[in-house]
Amino acid sequence: MAWECGIDGCGSVFEDVESAVVHQATEHQRRECKVCGTVVPDGYLAIRHAFTEHSRAEYVRAYGASSEAVREREELLEEIESVADMKTIANELKR
């Protein structure tokens with residue numbers, strides 16, 4: 001399965017999800033979390049931060065997100081986490 005970077009219409013395509021996540025973290029601008037102010041890599045890691053560190057309600061208030069947007073991001077997290085080797089991603093980002 002190919003994985004496409006969806007940040008700002010980037011469209012770069014990767015053979016594996018780990019490469020896509022590393023690309024997002026290293027090739028795109030970091031973002032400040034609107035809930036807590038922490039600066040995080042954009043893309044999957046930003047979504048993961050928002051949904052693991054904060055409640056849905058906090059996310060909705062800070063980002064003005066609809067319930068559909070929340071579900072879409074939760075589904076994306078599930079899909080990525082079901083196939084991603086997080087250890088590989090962490091090792092690549094430590095370089």
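First residue of the sequence shown? That's 1 in UniProt numbering, and the numbers climb one at a time after it.
Glycine is no exception: its CB is placed at the ideal position from the N, C-alpha and C atoms.
Predicted model, so just to flag it, every value in this text is computed and none were measured.
When burial is assigned at 16 or more other CB atoms within 10 Å of the CB, is residue i buried or exposed?
| i | result |
| --- | --- |
| residue 46 | buried |
| residue 43 | buried |
| residue 81 | exposed |
| residue 73 | buried |
According to DSSP, residue i sits in a beta bridge with which residue or residues?
| i | result |
| --- | --- |
| residue 39 | 32 |
| residue 13 | 4 |
For residue i, which three-state DSSP category applies?
| i | result |
| --- | --- |
| residue 78 | helix |
| residue 66 | coil |
I believe residue i touches residue j by the beta-carbon criterion, under 8 Å. Please report the beta-carbon distance rounded to the nearest angstrom.
| i | j | result |
| --- | --- | --- |
| residue 53 | residue 36 | 7 Å |
| residue 38 | residue 49 | 7 Å |
| residue 3 | residue 20 | 4 Å |
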